[in-house]
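Student:
In UniProt numbering, the protein residues as written are 1 to 297.
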């Protein structure tokens, strides 16, 4: 999760409660103890407040906050740990894109799978990232920025790198639809993903669905000029537009960057306006920066 310096000078944390709920769900999945979310959130708020000078005054900078929970029992074996360590690390980060949006090129290779039914792909675990590093290296050597993860014989589209995927398209009735894969046990329930779904359903300007897409369906719809935009969403970049996919030795060129009023830009603006306090919203939790007696400063 992140903290932001708002236009009013205060520090905002974006939907931290959801992040901590996911932390507990992930801990339970791997046999680690669950944490009192209210106490942890107060501790993180104090940490952010004490280290507030690490957060630059102006956008688009932010403070990346990473709570970690690891087993620490000094035993060699495969079993739940009786002891664990909870710690939080933070660092200042700048904008993911230096100026205007830069599109990314993906590699889709069905020989590599990020997650599978009954696994732990829908939890925030370090184990989910280890298996993605080698395919990502191969993608980079082929001039691609990220992997587009596929699953199954029908090659379902699941995620992009460590981000949730969105497809904006025209259906057979000529209606605009925003689609993202459903939370079927293989998809991480991203906070940005949830925010996009809630915002667009509130706008009520086009259909919003959670639906499984296959590569064959994407290729056919792109051939029929039905695909409007393809982008991914996550904490680091907020929105990352996709311009092409390398698949079976061929580049699938997508029209994402050709739109005059792109949805991905509107979503990016809407979310960052909330994060930086330009638009008041209940999703932002204001950090109390008043000095406390136990502060060392």
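Beta carbons: idealized from backbone N, C-alpha and C, even for Gly.
#1: Which full runs of the alpha helix (DSSP H) of 4+ residues lie inside the region 84-158, going along the chain?
#2: Does the region 222-235 touch the region 253-264, meaning 3 or more C-beta pairs lie closer than 8 Å?
#3: Quick one: residues in its chain with C-beta nearer than 7 Å to the C-beta of residue 219, no 5 flanking neighbours on either side, listed in chain order?
#4: What is the DSSP secondary structure of residue 276, reduced to helix, strand or coil?
#5: On the premise that residue 5 lies in contact with residue 55, defined as a C-beta separation below 8 Å, what is that separation, rounded to the nearest angstrom?
#6: Going by beta carbon distance, what residues of the same chain come within less than 7 Å of residue 183, once the five residues before and after it are set aside?
#7: Beta carbon of residue 316, beta carbon of residue 187: below 9 Å?
#8: Residues in its own chain within less than 6 Å of residue 95 by CB, not counting five upstream and five downstream?
#9: Measuring alpha carbon to alpha carbon, tell me which of 10, 14, 69 and 45 ends up nearest residue 35.
#10: How close, in whole Å, do the beta carbons of residue 32 and residue 74 come, if the pair is a contact with beta carbons under 8 Å?
#11: Any contact between the region 274-288 and the region 6-14? By contact I mean 3 or more CB pairs, one from each, below 8 Å.
#12: Should residue 191 go down as buried or exposed, given a rule of 16 or more other Cβ atoms within 10 Å for buried?
#13: Can you have a look at residue 127 and say buried or exposed, based on whether 16 or more other CB atoms are within 10 angstroms of its CB?
#14: Say whether the region 131-141 touches the region 105-117, bearing in mind that this needs 3 or more beta-carbon pairs closer than 8 Å, one atom from each stretch.
#15: Does DSSP classify residue 188 as helix, strand or coil?
#16: Which first and last residues belong to the beta strand (DSSP E) in which residue 243 is found?
#17: Given a cut-off of 9 Å on the beta-carbon distance, is the pair residue 11 and residue 238 in contact?
#18: Per DSSP, what kind of secondary structure is residue 253 in: helix, strand or coil?
#19: Return yes when at least one heavy atom of the ligand SAM lies under 8 Å from the C-beta of residue 275, else no.
#20: Give the secondary structure of residue 229 by DSSP, where H, G and I count as helix, E and B as strand, and everything else as coil.
#21: Determine the extent of the alpha helix (DSSP H) in which residue 50 is found, giving its start and end residues.
#22: Could you tell me the alpha carbon to alpha carbon distance between residue 15 and residue 53, rounded to whole angstroms?
#23: Using a Cβ cut-off of 9 Å (strictly closer), state whether residue 271 contacts chain D.
#24: Who are residue 2's beta bridge partners in DSSP?
#25: Within 10 angstroms of its Cβ, does residue 148 collect 16 or more other Cβ (buried), or is it exposed?
Tutor: With the given structure in hand:
#1: Taking only runs of at least 4 residues, the alpha helix (DSSP H) segments lying wholly in the region 84-158 are 127-130 and 133-141.
#2: yes
#3: Counted from its first residue, the chain shown places residue 219 at position 219. Once the five neighbours on either side are set aside, the close Cβ partners of residue 219 are 252.
#4: Numbered from 1 along the chain shown, position 276 holds the residue referred to as residue 276. Note: residue 276 maps to coil in three-state DSSP.
#5: Reading the chain shown from its first residue, position 55 is the one you call residue 55. Reading the chain shown from its first residue, position 5 is the one you call residue 5. That belief holds up - the Cβ atoms of residue 55 and residue 5 are roughly 5 Å apart, short of 8 Å.
#6: For the purposes of this step, residue 183 is taken as the residue at position 183 of the chain shown. So the qualifying residues of the chain are 122 and 189.
#7: Because the chain here runs from 1 to 297, residue 316 falls outside it and cannot be looked at.
#8: If you number the chain shown from 1, residue 95 lands on position 95. For residue 95, the CB contacts under 6 Å within the same chain, skipping 5 residues up- and downstream, are 60 in chain order.
#9: For the purposes of this step, residue 35 is taken as the residue at position 35 of the chain shown. For residue 35, the closest of 10, 14, 69 and 45 by C-alpha to C-alpha distance is 69.
#10: Stepping through the chain shown from its first residue, residue 32 is reached at position 32. Stepping through the chain shown from its first residue, residue 74 is reached at position 74. Wrong, their Cβ atoms sit about 16 Å apart, outside the cutoff.
#11: yes
#12: The residue you call residue 191 lines up with position 191 of the chain shown. Classification of residue 191: buried, given that the 10 Å Cβ count is 16 or more.
#13: One-based indexing of the chain shown puts residue 127 at position 127. Answer is exposed; the Cβ neighbour count stays below 16.
#14: Yes: the two stretches touch, three or more of their Cβ pairs being nearer than 8 Å.
#15: Walking along the chain shown from the start, residue 188 turns up at place 188. Note: residue 188 maps to coil in three-state DSSP.
#16: For the purposes of this step, residue 243 is taken as the residue at position 243 of the chain shown. Its beta strand (DSSP E) spans residues 238-247.
#17: Here the question's residue 11 lines up with position 11 in the chain shown. Here the question's residue 238 lines up with position 238 in the chain shown. Not closer than 9 Å, so no.
#18: Locating residue 253 in the chain shown gives position 253, where the first residue counts as 1. It is a strand residue.
#19: No copy of the ligand SAM appears in this structure; indeed no ligand is present at all.
#20: For the purposes of this step, residue 229 is identified with residue 229 of the chain shown, where counting begins at 1. DSSP places residue 229 in strand when its eight states are reduced to three.
#21: Counting from one through the chain shown, the residue named residue 50 turns up at place 50. Unbroken alpha helix (DSSP H) run through residue 50: 37-50.
#22: The sequence position of residue 15 within the chain shown is 15, counting from 1. The sequence position of residue 53 within the chain shown is 53, counting from 1. Approximately 22 Å between the Cα atoms of the pair.
#23: Absent here is chain D; the protein component of the structure consists of one chain.
#24: Position 2 of the chain shown, counted from the first residue, corresponds to residue 2. In the DSSP output, where bridge partners are listed per residue, residue 2 has 64.
#25: For this step, residue 148 is matched to residue 148 along the chain shown. Buried, because 16 or more other Cβ atoms sit within 10 Å of the Cβ of residue 148.
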